[in-house]
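To keep things clear, I will list the structure first and then write my remarks on it.
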Amino acid sequence: MKPAWMAVVAMVIYAFQNVVMEQKFGSKYSIFPLLVYIYLAMLPLALGGWAYLRMTGQPVVQPSGSMIILTILVGLAYFIADSFYLGAYTGGGDVLTVTAIVVMIPVLASAIKYFWTGGLPNLYQVIGYILAVAAVIMVAKGSSVGAGR
Numbered sequence: 001m002k003p004a005w006m007a008v009v010a011m012v013i014y015a016f017q018n019v020v021m022e023q024k025f026g027s028k029y030s031i032f033p034l035l036v037y038i039y040l041a042m043l044p045l046a047l048g049g050w051a052y053l054r055m056t057g058q059p060v061v062q063p064s065g066s067m068i069i070l071t072i073l074v075g076l077a078y079f080i081a082d083s084f085y086l087g088a089y090t091g092g093g094d095v096l097t098v099t100a101i102v103v104m105i106p107v108l109a110s111a112i113k114y115f116w117t118g119g120l121p122n123l124y125q126v127i128g129y130i131l132a133v134a135a136v137i138m139v140a141k142g143s144s145v146g147a148g149r
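Every letter in the sequence shown is one number past the one before it in full-length UniProt numbering, and letter 72, counting from 1, is 72.
Right, dumping it as structure tokens:
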């Protein structure tokens, strides 16, 4: 499957997941028990996928050396980010506000990449960043006054 299609499938699943988290979890549950169940669901899926690759003879390239430590740190970052993300819903956040803020990830990731690797964004990217921030503000404002409901 091409990367763009994989991203589209992920987007559709994440969109559905966000609505479920808002509508069914809301502020009814604590963050960490939910995370335990979510990660318990992920572990057998990941192990099953790994086993499938090995059984079908596909190459399985695993991290080694210092990359193992970096992979573990990325896993910790995922857990912390998931905790805050789920906490946005269990704290009473609505799907429009939470997802509008989360769409800022590409903007922030791009800024971090430029800081990390050097260089500056071009004019098109800067305009895109400004429009993305404006979109988040508009969606959050509309959500707070009950627009679109």
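Even for Gly, the Cβ is constructed at its ideal location relative to N, Cα and C. These numbers were taken from a predicted model, which means no experiment stands behind them.
Check: Counted within 10 angstroms of its Cβ, other Cβ atoms place Val61 as buried (16 or more) or exposed; Outcome: exposed
Check: Candidates Asn122, Leu108, Val136, of which the one nearest Trp116 by Cα; Outcome: Leu108
Check: Status (buried if at least 16 other CB within 10 Å, exposed otherwise) for Asn122; Outcome: exposed
Check: Minimum C-alpha distance to Gly142 - residue among Thr97, Pro106, Ser83; Outcome: Thr97
Check: Coarse secondary structure for Lys24, derived from DSSP in three states; Outcome: helix
Check: N-terminal and C-terminal residue of the alpha helix (DSSP H) that Ser66 is part of; Outcome: 66-90
Check: Cβ-based neighbour list, Ser83, same chain, cut-off 8 Å, excluding 5 preceding and 5 following; Outcome: Ile31, Phe32, Leu35
Check: Beta-carbon proximity check, Val145 vs Val103, cutoff 8 Å; Outcome: no
Check: For Gly93 and Val139, the rounded distance between their alpha carbons; Outcome: 13 Å
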